[in-house]
Every structure is written in C-alpha cells, then in structure tokens.
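Undergrad: Sharing a structure with you now.
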Amino acid sequence: MAFLQLKGIVKEFGPVRTIKGIDLEINKGEFIVFVGPSGCGKSTLLRLIAGLESTTAGSLSLDGRDITDVPSSKRDLAMVFQSYALYPHMTVFDNMSFALKLAKVDVAVRKEKVERAAKILNLTQYLQRTPKELSGGQRQRVAIGRAIVRAPKVFLFDEPLSNLDAALRGQTRVEIANLHRDLGATTIYVTHDQIEAMTLADRVVVLRDGLIEQVGAPLELYDRPANQFVAQFIGTPQMNVLPAAALPELTRIAGARLPADGSVGVRPEFVRIGRAGEGIAGKVELVESLGSDTLIHTRVGANVPLISRQSDRTTLKLGDTVGVQIDPAALLYFDKQGRALRDMQQAA
Amino acid sequence: MSSKPVAFPYVRTFFAWAISLLLFFPLFWLGITSFKTESQAIAGDLFFSPTLESFVEVQARSDYLHYAWNSLVTSVVSTILGLLIAAPAAYSMAFFRTKKTRDILMWMLSTKMMPAVGALVPVYVMAQTTGMLDSIPALVIVFTLSNLPIMVWMLYSAFKEVPNDILEAVRLDGATVWDEFRHAILPLTMGGIASTGLLCLVLSWNEAFWSLNLTAAHAGTLAALIAQYSSPEGLFWAKLSAASLLAIAPIIVFGWFSQKQLVQGLTFGAVK
Amino acid sequence: MSRFLPRALMAPAIGTLFLWMIVPLVLTIWFSLIHYDLNQPGEHAFTGLENFRYFITDPDFWPSVLHTIELLGSVIVVTVVFGVGLALLVNEPFPGQGIVRVLLISPFFVMPTVNALLWKHMMMNPVYGVLGHVWKFFGATPIDWMTDLPLISVIVILSWQWLPFACLIFITSLQSLDREQMEAARMDGANALHQFWYLTLPHLGRSIAVVVMIEMIFLMSVFAEIFTTTSGGPGNESTNLSFLIYKQALMSFDVGVASAGALFAVVLANIAAVFLIRMVGKNLD
C-alpha cells in the first residue's frame, strides 16, 4: 500500500467542479511535484491533502490510516505557505516551536529540535528576531524550519519560491533539493514553474483543469509526453507543434508515420539551422542570444513558425534565408485529440 | 506640484496654521478661563496669573466628583458590557461566515441609524414605570445598546484583518479552536479591540441625549451637570470652564489616539 | 463545523439589539394611537389618528420641520465645503502637520453640552464673550446671537463640532488618491484646478456622500445643543423636530402626541438610512 493514497478525489466549489477525479499513489520518501497552468487545481489538491478544504467525494489515506474526514490539526502534515504565514507577533524561535508547544512537548526537547533545525537552515543567529525584521529569503527558511521541526509524515509546499527574486529562487531551489536528500521526507511540492518541477521531483504530476494529464519522472515526461499538452507544458522553449498537413516537407521526412489529421511535435534542440538550400527553406524572424544558448525563430513553408535551439553563437539576423533540418528520430506524433501516438514512434 | 509658484508651500503652511489655530481657539479660551477667577474671566484678558480657585469652587458647589464618577462608571461599564456582547458576535461573523452574515451586519448598523428621539418616549415611560429613572443601570443599558452596533462592526473589521493563511498555519500546527483564538487571533487583534473600547468610552462619556432626559441629581453624568450652567445665577464663567475642561480634556486626548478607528467606526467602514 | 456555536455566539448581540429595536417601536406605535398623559396615568383611551393630526396641526410643527431642514442643510453644506478645503490644505506635508491635524480634530470630541455652553457664554455672549470683544474691537455693536439669531447660533455650534469629522473623513479619503494618476494628468497638461475638478473631486465623491448621509442621520436628532442654549426659542425659532417631540413628551407630558411625532421622525430617518446602508453594503466585502 502506498504511503499516501488519493482515490477518486473530487472537489466542487458551489457549481464549479475544480477537481474532477484524481487517483494518485505516493510512496514514502518521494518528492512529488504538482505542476500545471493557473487554475488547474494544483493548489486546491494540496489544500485537500492538508485538510484545509474538505473533499466533495473520494478518499484520502496516509500511512494506512483513512484521513478523509480527519481535521487538519490532526493529520500530522506540515505546510510551507506561499506567503510563509509566519506568526508576526512571535520570534523565530517561537514560530518554529509553536506546534511542539501545542503538543505539550517538553521545553528542553523543544529547544533542542528548534536549534537543530535552525542550524540546518542557517537561522541560528535569527532565532530571537521577529518576522518583520527578516528578509524574504530568511522568512522563507523560517517557514521551512517550522515544518522540519515537527518531523511530519508529509511536507507540503505551496509555491514557496514564487515570492523570491530570480537569484534567490535558484539558490533556494538547490537548498530544498539538498534538504530532501538529507532528510528523505515525503514531500509534495506545488509550482507553476516547470524548471522547479524538472529539477526537484522524483515524479511529476501534470494537472490541467482538475485532472491528471500525466504522472512520471521528469525526463520521462520530457522524452515521452502522453499528450500534446504535456509536451508543450514541459520544456523551455516550448516544443514546436504543427498540424500534420502544414508542411509538405514533413510528409517526406516522416513518411507513413504521419497521422492524417493529427499533429507533429519536435523539440527546438532537434531543429538545426543551416545555410540556405540545406533543408527546408525558411526566413529568420528573430534571434534571441541567451549567452549559453541561442534561439532562432524562423518561418518556413507556408508561414509555419519553427524555433531552433543551439549552443553555438550565430551571425544570422532578421530576414536571412536559411535551410531548416529536422531530425526524424526526434519527431513526436499526436492524434486529432492531442494524444501521443506511441506505436507510430516505436514502429520507427 | 510643478505648476505652482515657489512660495506656495509657505502660503499653505501659513493658512493651515492660521485656520487650525482659529478653529482651536474656543477650546484654548476655555482652557485658560478655567484657571482664572470669575472677575478675571469677565475681563477677558489673555494674560493673567493662573489660579485653581474655580476648580475648587466647582467641586464645593455642585459636587463635581459625584457626576464625574457617574460618567466614569457608566462609560466604563457600558464599554465592558458592550465588548462582552459584541466580541462573540463579531468573532462568529468574521470566522463562521454564512450567507446571512452580511444581512445581519447591515441590520445591526441600521438600528444605530434610528434617531434617539424615536425611542425617547417608550424608554422614558419604561424607565418611569420600572422605577429606573435617574439610575445608573438604566444609563448603562441604554449606552451599551446604543454603541453595540458600532462595536460589533469595528470588532468584526478587526477580526477580519487576521490573515487567513496564518489561521490555516495554526490549524496545521495542531491548534484547537481555543488555541487558535488565544495564540493567533487575540494577539493580532489586541490593537483593534483596544481602539474599539476606546471609541466607545468616548461615545458614552460624551453622550448627552439620554443623560439629559433620563437622569437627575443621583445618576447625572457630567453632560447633565454642565447643562445646569445653561442659565445660572451670578458669575459662573470660570467655574463653567473649569468643569468643562475636566470633562473634555481626557476625551480629546483619547480622540487623538483613536482617529483612524473613529473614521472606520463612524462611517461604518464606508470610507477606507 | 456545528451550526450551534456560531449561533450561540451571535445570540446575545442579536437578541438585545432586536429587543432594543422592537420594544420601543411597538410601544411608540401603541402610544401614538392612544391618549396618554404622563400626569394622568391609567387613562389610555384609544384615539386613532387623532394624535397624528394634533401633532401636525401644532403651530410649531411646520416651523420645526423647516428649521430641521435648515439646520441640516446649512451644517452639511458648511462642513462639506470647508471640510474639503481644509483637507486639501492639510493633506500635503508641511512643518507641524501633525499638530495641526490634532488641533483640527479636537472640537469633535467635545461633549455636546460643553460645546453648546462654550459658545453660548464664552463666545457669543454680547457683553463678555470673545465674539463680543472682537466686534467691539472693530467698532461695531456686538450681536446678541442667542436672542437675535438663534437658529444660526445653533448652526454655528454644530458646524464647529462637525467640521473636524468631515475634515478627517476627507483626509482619509484623499490619502487613497492615486498619485500616479495625478502625475499622468499633469503630463497630459492638466493644471491644479483641472486636477481638482476631474480627479480629486470625483474621488472624494464617495466620502462626501458618506459624510452627508452620516450627518443627516445624526443631525436630524440634534437635541442637547438646543436644549442647553436656546430651549428652542425664542418662541419656536430654533426648535427642530427632535426638540418638539421632547417638548410634547416631557414638557407637555403628552406621550401620545409625542409618539406620533416620533414615528414621523423615524420615517424620515429611515429614508436617509436606506441610502447609507446601500452604500455601506457595497463596501462590505
């Protein structure tokens, strides 16, 4: 039996069905990321697991115990809120020891646990400060510390990095990854940022419109997306997806594998830009030089956009004529409903 | 303001000071007159040697402290009573909100909007028939009920300000409803509760309508005492000033501190 | 979450307010339909609408209604106009801004009876009052405010007391005025007057409405100031509706007629209240 099990979870807010039926099994020690566009229900799902909202239907069980109707204060879960939700009138020390105090844990034990967590998070010198005297990054760590101290069954993170600036975000991401490695705690992490998903997760759950689109390891989602939505959601820049009939040259490259009225996808790193005449004819629309990568936006054939990514710098500029080459082995095929056509690929 | 002449800030400062001093003048005059003797008071000088004579006379002649005590008791008791009744209601409306919550709040506010004179007759008759005329309890009841809608409203606003995610965090940390109240809600709303109490203290202390109509010598408040100076005999100006100064000074100070709450409370939150 | 706890918590407040609203109302309606003289307890003959007719045909009735409206109108106009002006004056920082604000709001916290007598005796007394001294200084004969201009005296007293309130409200409202909007307007070529007319005034619209409504509600039942200064006189020159009802009830001891009058006042107040409630309701969430 999985450590955390969701069966048939449905959540309605009045007439609106936000979560439409979710089944998920999470194993002990796993780092699971819920990812998806705004409104897909990922935060709602997290809050359902936390017990901050009640399910309309379905069941939830944790470590063999049915917690569907158990109030959040008794589920033995800890959550790091997007706004950190630190207690403004308490010091960092009190913030972190609050739950233990409520559980009537002995004072000395409390002190020891808080100090240990503070050491891991580099908060020892801030223990007597109040939240308003701390920076955003420090507050974030206090929020995490508050969760660690309790040693709960599951850690829940609700978009914890979204209020940090880019540099701090990258740094904290690494710290969270290290923390998971050291503590080995079961973690559910919600984000809209697919980079966090790719780098932190053992498995990623892609949600759209209240339903799971795909569950799997990050690279599996990248290489073998179950449908067009996942294919275009994961990966920056977005995968190029064209209707099958858009580019006659594609028919030549793909051959019989091309689905009649479906689509074809190819990641920008498999689109190569060469000299005019070497491949499909196209015109450069935009060149984005990121330093480490270069993105070249082109238009080929009858007004079809294709983005290419390469690690070399380029001297191409707007209006240049180029030849675009696509690696046929990297093509992904989707049917009319957007579902990935696996067997077509395997046949190759 | 780039389109203004350079001298504008000075003009503004001058007028602001001039007007505010002018408007404050009557109070200033009251203040200094209270330290004069009656003959100095009539003379109307700005400069004189101050004396506490009038204060002493006021107490001797009209038992000032008795009235002051009544004012104090009625204000404090009605405020405490009001808080005790209003707080649970406000708590319930803020944290256990239902569809009807808004309507109930609106209804409560509407009861405040009825003119006191509308209730004068029945309340007077009731007080008379129950023998409660000129009694402290009657005043306390009337004050409490008059201020209740504002207290509920202000406490409700204070409770609503507690960020929801802090409450959720507290719940996840294992708090019961009582823990939540004691450790999260109460510390964070202490300021709002204090201001609500302060404002109601001010409103009860200054209350004149019921004090004038329902009381006489026994339960009279300062408002009623001072009304006696309406057409007194002999020279009374310094005494009037002394009595008045003591009655209004603490309240003005309270008022300075509760400005923000005043706006919120008296406009029922319509102006932020 | 059980339904019991929330209801139990709200019960005392709702219960007491309900009684406070219903009992006087029912009694007032009852009294207005009977003959009830406080000097003759026990005689409660049913008189139907007689009390209403009596109240309305009282020679003081229409004057008091008129005075109520004059009072209301004047105080509202004065407080709003000067309130806006003062708020604009005091809104931008300048040396001593804090103290000025404190000075400006003080009059509002003065007890109504103190306020009334402060003006009646200290300021307006023609012989010894400050205004009397000022008039004499300029060589004019001092005005006997209470005797010659009773209603205006009351209006002055009330305006002085309520100006701080209006001012405070407007200051609060001005603080939420969007600076960037003003800057955009300046770049579009608007001068100070344009900015005031097209941006500031509309922004203040809501708070002006609130001030007008609140003052209407509280000023309609002005009593203490009149009681302590002019007692409605001379004659009925400064009697308003509130004072008239009081006169009937506690000076003529005619509870029946007074109750009829009270119902009339309540209806008037209701009309103003409906508008205020609507405005507050919009702002509630």
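Chain order of the listed sequences is U, F and L.
For the first sequence, the numbering used here assigns the number 748 to the initial residue and increments by one for each residue that follows.
For the second sequence, the numbering used here assigns the number 234 to the initial residue and increments by one for each residue that follows.
For the third sequence, the numbering used here assigns the number 214 to the initial residue and increments by one for each residue that follows.
All C-beta atoms in this analysis are idealised placements derived from N, C-alpha and C, irrespective of residue type, glycine included.
(1) Can you check whether the C-beta of TYR834 of chain U is within less than 9 Å of a C-beta belonging to chain F?
(2) Are the C-beta of TRP302 of chain F and some C-beta of chain L separated by less than 9 Å?
(3) Can you list the alpha helix (DSSP H) stretches of 4 or more residues lying completely in the region 214-250 of chain L, in chain order?
(4) Within 9 Å (strictly less), CB to CB, does ARG893 of chain U reach chain F?
(5) Can you pull out the residues from the region 414-445 of chain F whose beta carbon lies closer than 8 Å to at least one beta carbon of chain U?
(6) Output the distance between the C-alpha atoms of PRO225 of chain L and SER325 of chain F, rounded to the nearest integer angstrom.
(7) Could you give the first and the last residue of the continuous alpha helix (DSSP H) run that contains LEU421 of chain F?
(8) Examine chain F for any beta-carbon lying closer than 9 Å to the beta-carbon of SER1010 of chain U, and answer yes or no.
(9) Counting only Cβ-Cβ distances shorter than 7 Å, please list the residues of the region 476-500 of chain F near chain U, keeping chain order.
(10) Of the choices U:GLU772, U:ARG920, U:MET843 and U:ASP853, whose alpha-carbon is the least far from that of VAL896 of chain U?
(11) Could I get the ranges of all uninterrupted beta strand (DSSP E) runs contained in the region 333-358 of chain F, with 3 residues as the minimum, in chain order?
(12) Can you tell me whether SER272 of chain F is buried or exposed? The criterion is at least 16 other CB atoms within 10 Å of its CB, across all chains shown.
(13) If we ignore side chains and look at the alpha-carbon of each, how far apart do GLN1092 of chain U and CYS787 of chain U end up?
(14) If we call anything under 9 Å between Cβ atoms a contact, is PHE295 of chain L one with CYS380 of chain L?
(15) Please list, in chain order, all residues of the same chain as SER304 of chain F whose beta carbon is under 7 Å from its beta carbon, the five residues on each side excluded.
(16) Spell out a yes or no on whether the region 284-291 of chain L and the region 440-451 of chain F are touching, meaning 3 or more CB-CB pairs, one atom from each, closer than 8 Å.
(17) When the distance is taken between beta carbons, is GLY884 of chain U closer than 9 Å to ALA864 of chain U?
(18) On the DSSP letters alone, give me the boundaries of the alpha helix (DSSP H) that LYS851 of chain U sits inside.
(19) Check whether chain F comes within 9 Å of PRO972 of chain U, counting only Cβ atoms and requiring the distance to be less than that.
(20) So, for GLU996 of chain U: in the same chain, excluding its five sequence neighbours on each side, which residues have a beta-carbon less than 6 Å away from its beta-carbon?
(21) With a threshold of 8 Å, are at least 3 pairs of Cβ atoms found where one atom belongs to the region 474-485 of chain F and the other to the region 278-292 of chain F?
(22) Grab the span of the alpha helix (DSSP H) containing GLU967 of chain U for me, first residue to last.
(23) Compare the C-beta of THR933 of chain U against all C-beta atoms of chain F and say whether one is closer than 9 Å.
(24) Within a Cβ cutoff of 7 Å, which residues of the same chain sit near THR241 of chain L, ignoring the five residues on either side of it in sequence?
(25) Distance, Cα to Cα, ALA1097 of chain U vs VAL1031 of chain U?
(26) Would VAL323 of chain L pass as an interface residue toward chain F - the criterion being a Cβ-Cβ separation below 9 Å?
(27) Using a Cβ-Cβ distance under 9 Å, would PRO339 of chain L count as near chain F?
(28) Pull up the distance between the alpha-carbon of ALA408 of chain F and that of GLU401 of chain F, whole angstroms please.
(29) With 9 Å as the threshold, decide whether the Cβ of GLU401 of chain F is near any Cβ in chain U.
(30) Can you pull the chain F residues whose beta carbon is under 9 Å from the beta carbon of LEU799 of chain U, in chain order?
(31) Are LEU330 of chain L and SER311 of chain F closer than 9 Å when you measure CB to CB?
(32) Is THR409 of chain F close to chain U, meaning its C-beta is less than 9 Å from at least one C-beta of that chain?
(33) If you check the beta carbons only, do ILE312 of chain L and LEU432 of chain L fall under 9 Å apart?
(34) Nearest chain L C-beta to ARG294 of chain F closer than 9 Å, yes or no?
(35) Between the alpha carbons of HIS836 of chain U and LYS848 of chain U, how many angstroms are there, rounded?
(36) So which of L:LEU299, L:LEU481, L:VAL291 and L:LEU463 has the shortest CA-CA distance to PHE248 of chain F?
TA: The structure says:
(1) yes
(2) no
(3) 217-245
(4) yes
(5) HIS416, ALA417, PRO420 and LEU421
(6) 12 Å
(7) 419-439
(8) no
(9) none
(10) U:MET843
(11) none
(12) exposed
(13) With a pLDDT of 47 at GLN1092 of chain U, under the threshold of 50, the modelled position of that residue is not reliable, and no figure is offered here.
(14) yes
(15) TRP438, THR454 and LEU455
(16) no
(17) no
(18) Unbroken run through LYS851 of chain U: none, as it is neither H nor E.
(19) no
(20) ILE1027
(21) yes
(22) 965-970
(23) no
(24) SER472, ALA475 and LEU476
(25) Because residue 1097 of chain U is not part of the residues shown, which for chain U are 748 to 1095, the question remains open.
(26) yes
(27) no
(28) 10 Å
(29) yes
(30) GLU401, ARG404 and LEU405
(31) no
(32) yes
(33) no
(34) no
(35) 16 Å
(36) L:LEU299
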